[in-house]
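Every position in the sequence shown, counted from 1, becomes a number in the working numbering once 11 is added. In what follows, a single structure is set out as structure tokens and then discussed.
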Amino acid sequence: MFELFKLLGNKRLFVLLVGLVTFIALMGFTLGPRTALSWPEKFLKDSVGFVQYVFYKPASAVAGFFKDVANMRAVYQENEELRIAMGHYTRDRLKYNEMEKTNDRYKDLLQFTAEQRNRYNYEYRIAQVISANSDPNSRTINIDIGENADIKPGMAVTSQEGLVGVISHVSAYTSTVNLLTSMDANDPNSNAIAATAVGKEDTVFGMIESFDPKTGMFKMTKISEESDIKKGDEIISSGIINNFPKYMRIGEVKKIEVGEYGLTRTATIEPYASFLDWKELMVVIPPEVKE
12 MFELFKLLGN
22 KRLFVLLVGL
32 VTFIALMGFT
42 LGPRTALSWP
52 EKFLKDSVGF
62 VQYVFYKPAS
72 AVAGFFKDVA
82 NMRAVYQENE
92 ELRIAMGHYT
102 RDRLKYNEME
112 KTNDRYKDLL
122 QFTAEQRNRY
132 NYEYRIAQVI
142 SANSDPNSRT
152 INIDIGENAD
162 IKPGMAVTSQ
172 EGLVGVISHV
182 SAYTSTVNLL
192 TSMDANDPNS
202 NAIAATAVGK
212 EDTVFGMIES
222 FDPKTGMFKM
232 TKISEESDIK
242 KGDEIISSGI
252 INNFPKYMRI
262 GEVKKIEVGE
272 YGLTRTATIE
282 PYASFLDWKE
292 LMVVIPPEVK
302 E
């Protein structure tokens, strides 16, 4: 017994034993099932988090500074492009305003009637598509406005992308739209579209009379051999045929070929409208049919 106390008197051995007991106790405490952290662990976690925050904020600020410096040139160039675009817009707006004033002055000099002045001031009425007919021989859709919204047969229907079709039947609260995809050159009841190209209204003219379901393209025929129509031209309605008002977007020229008998040319037109999954369409109301 005396020898045991003598051994315990050794300070180094005593500290080692206390440390070993403490280590074993801590292991047993930390390895056991727990739902929360102990206060030493919380203190350590918070301390590490605070140190990380102290070092992260300056490091993040420095990294962000160098990133901003690297992007300054790109931002400056973008601002220059926007400034140039704004200058062009301002110039074009002033030019347009001047042309509009000149046009109004000429109308006054030539004593244009009210109908002539408002001929192309179309009104657009939003309609929801409520059903579609999948019959390939009768491609139609139904919309939720009719006589209640002053809709009449023969009115054009368009989407945001481009021309869609023409109103064929009207009831009190619904209307039927005959789609352009049903156009057939051999059908006398089919609605052909008198068309031209943007910027070439005086030199390009043709008739869109058919749609090829295999290619998804329109055929524009009866184009003069002297016409300067080219691939990439934007095709719009010319307004000669009343069912399709002027300036309705139709599609883009993808190919030009020699027409029948070699006297005219034929253009293949990719429609702007997708003719799929419509939710909203717009009925074009010409001024002369408004009450």
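Yeah, the Cβ is synthetic: ideal placement off N, Cα and C, and Gly gets one too.
Pull up the distance between the alpha-carbon of residue 261 and that of residue 230, whole angstroms please. The count along the sequence shown starts at 1 and reaches residue 261 at position 250. The count along the sequence shown starts at 1 and reaches residue 230 at position 219. If you take the alpha carbons of residue 261 and residue 230, they lie about 12 Å apart.
Could I get the ranges of all uninterrupted beta strand (DSSP E) runs contained in the stretch 221–247, with 3 residues as the minimum, in chain order? Runs of the beta strand (DSSP E) spanning 3 or more residues and lying entirely within the stretch 221–247 occur at 228–235, in chain order.
I think residue 263 touches residue 240, with their Cβ atoms under 8 Å apart; what is that distance to the nearest whole Å? Sequence index remark: in the sequence shown, residue 263 carries index 252 (1-based). Sequence index remark: in the sequence shown, residue 240 carries index 229 (1-based). About 12 Å separates the Cβ atoms of residue 263 and residue 240, ruling out a contact at the 8 Å cut-off.
Per-residue DSSP class, three states only, for residue 116: As a working note, residue 116 is residue 105 in the sequence shown. In the structure shown, residue 116 sits in a helix (DSSP, three-state: H, G or I).
Evaluate residue 31 with the Cβ neighbour count: other Cβ atoms within 10 Å of its Cβ, from every protein chain shown; 16 or more gives buried, anything less gives exposed. Sequence index remark: in the sequence shown, residue 31 carries index 20 (1-based). Taking all protein chains in view, the Cβ of residue 31 is surrounded by fewer than 16 other Cβ atoms within 10 Å, so the residue is classified as exposed.
Per DSSP, which residues does residue 218 bridge with? Please list them. Against the sequence shown, residue 218 aligns to sequence position 207. According to DSSP, residue 218 bridges with 205, 232.
Rank 242, 268, 223 by C-alpha distance to the C-alpha of residue 233 and give the top, closest one. The residue you call residue 233 lines up with position 222 of the sequence shown. Closest option to residue 233, judged by alpha-carbon separation, among 242, 268, 223: 268.
For my contact list, residue 291 and residue 139 are in at a C-beta cut-off of 8 Å; report their separation, rounded to the angstrom. As a position in the sequence shown, residue 291 is number 280, starting the count at 1. As a position in the sequence shown, residue 139 is number 128, starting the count at 1. Separation of the CB atoms of residue 291 and residue 139 is rounded to 6 Å, and the pair is thereby assigned contact status at 8 Å.
Determine whether the beta carbon atoms of residue 294 and residue 178 lie at a separation below 8 Å. Taking the first residue of the sequence shown as 1, we reach residue 294 at position 283. Taking the first residue of the sequence shown as 1, we reach residue 178 at position 167. For residue 294 and residue 178, yes; Cβs fall inside 8 Å.
Beta-ladder partner(s) of residue 136, from DSSP: For this step, residue 136 is matched to residue 125 along the sequence shown. According to DSSP, residue 136 bridges with 294.
From the DSSP output, in three-state form, read off residue 192 for me. Within the sequence shown, residue 192 is the residue found at index 181, counting from 1. Correct three-state label for residue 192: helix.
Inter-residue CB distance, residue 159 and residue 184 (contact presumed, cutoff 8 Å): For the purposes of this step, residue 159 is taken as residue 148 along the sequence shown, with counting starting at 1. For the purposes of this step, residue 184 is taken as residue 173 along the sequence shown, with counting starting at 1. Contact between residue 159 and residue 184 holds, since their C-beta atoms are separated by about 6 Å, short of 8 Å.
Using a Cβ cut-off of 8 Å (strictly closer), state whether residue 245 contacts chain D. This model lacks chain D altogether; it includes just one protein chain.
Which stretch, first to last residue, makes up the beta strand (DSSP E) that contains residue 278? In the sequence shown, the residue the question calls residue 278 occupies position 267. Element bounds for residue 278: 275–282.
Could you check what DSSP says for residue 85 in three-state terms: helix, strand or coil? Position 74 of the sequence shown, counted from the first residue, corresponds to residue 85. Look at residue 85 here: in three-state DSSP terms it is helix.
Whole-angstrom distance between residue 210 and residue 216, CA atom to CA atom: If you number the sequence shown from 1, residue 216 lands on position 205. If you number the sequence shown from 1, residue 210 lands on position 199. Distance between the alpha carbons of residue 216 and residue 210 is about 12 Å.
When DSSP labels each residue in this structure, what does residue 251 get in the three-state scheme? In the sequence shown, counting from the first residue as 1, residue 251 sits at position 240. In the structure shown, the three-state DSSP call for residue 251 is coil.
Where residue 84 and residue 91 are concerned, what is the direct C-alpha to C-alpha distance, given to the nearest angstrom? If you number the sequence shown from 1, residue 84 lands on position 73. If you number the sequence shown from 1, residue 91 lands on position 80. The straight-line gap from Cα to Cα measures roughly 11 Å.
May I ask which residues mark the beginning and end of the beta strand (DSSP E) holding residue 174? The sequence position of residue 174 within the sequence shown is 163, counting from 1. If you look at residue 174, you'll find it in the beta strand (DSSP E) that goes 174–181.
Does the beta-carbon of residue 133 have 16 or more other beta-carbons within 10 angstroms, so that it is buried, or is it exposed? The sequence position of residue 133 within the sequence shown is 122, counting from 1. Burial call: buried.
Return the chain-ordered list of same chain residues with a C-beta closer than 8 Å to the C-beta of residue 310, the five sequence neighbours on each side being excluded. Within the shown structure, residues of the chain are numbered from 12 to 302, placing residue 310 beyond reach of any answer.
From what residue to what residue does the beta strand (DSSP E) around residue 265 run? Locating residue 265 in the sequence shown gives position 254, where the first residue counts as 1. According to the DSSP assignment, residue 265 belongs to the beta strand (DSSP E) that extends over 260–269.
Would residue 276 pass as a contact of residue 249 if the rule is Cβ separation under 8 Å? Here the question's residue 276 lines up with position 265 in the sequence shown. Here the question's residue 249 lines up with position 238 in the sequence shown. One thing to note: residue 276 has its Cβ no nearer than 8 Å to the Cβ of residue 249.
Simplified DSSP assignment, three categories, for residue 33: Here residue 33 corresponds to residue number 22 of the sequence shown, with the count starting at 1. Helix.
Can you tell me whether DSSP reads residue 200 as helix, strand or coil? Numbered from 1 along the sequence shown, position 189 holds the residue referred to as residue 200. Here residue 200 sits in coil by DSSP.
Rounded to a whole number of angstroms, what is the C-alpha to C-alpha distance between residue 258 and residue 181? The residue labelled residue 258 in the question sits at position 247 within the sequence shown. The residue labelled residue 181 in the question sits at position 170 within the sequence shown. Straight-line Cα distance between these residues: approximately 25 Å.
Rounded to a whole number of angstroms, what is the C-alpha to C-alpha distance between residue 213 and residue 87? To locate residue 213, count along the sequence shown from 1; it is residue 202. To locate residue 87, count along the sequence shown from 1; it is residue 76. Each residue's Cα considered, the two are about 43 Å apart.
In whole angstroms, what separates the C-alpha of residue 190 from that of residue 151? Working through the sequence shown from its first residue, we reach residue 190 at position 179. Working through the sequence shown from its first residue, we reach residue 151 at position 140. Rounded to the nearest angstrom, the two C-alpha atoms are 6 Å apart.
Residues that DSSP places opposite residue 151 in a beta bridge: Looking up residue 151 in the sequence shown gives position 140. When beta bridges are read from the DSSP output, residue 151 appears opposite 144, 189.
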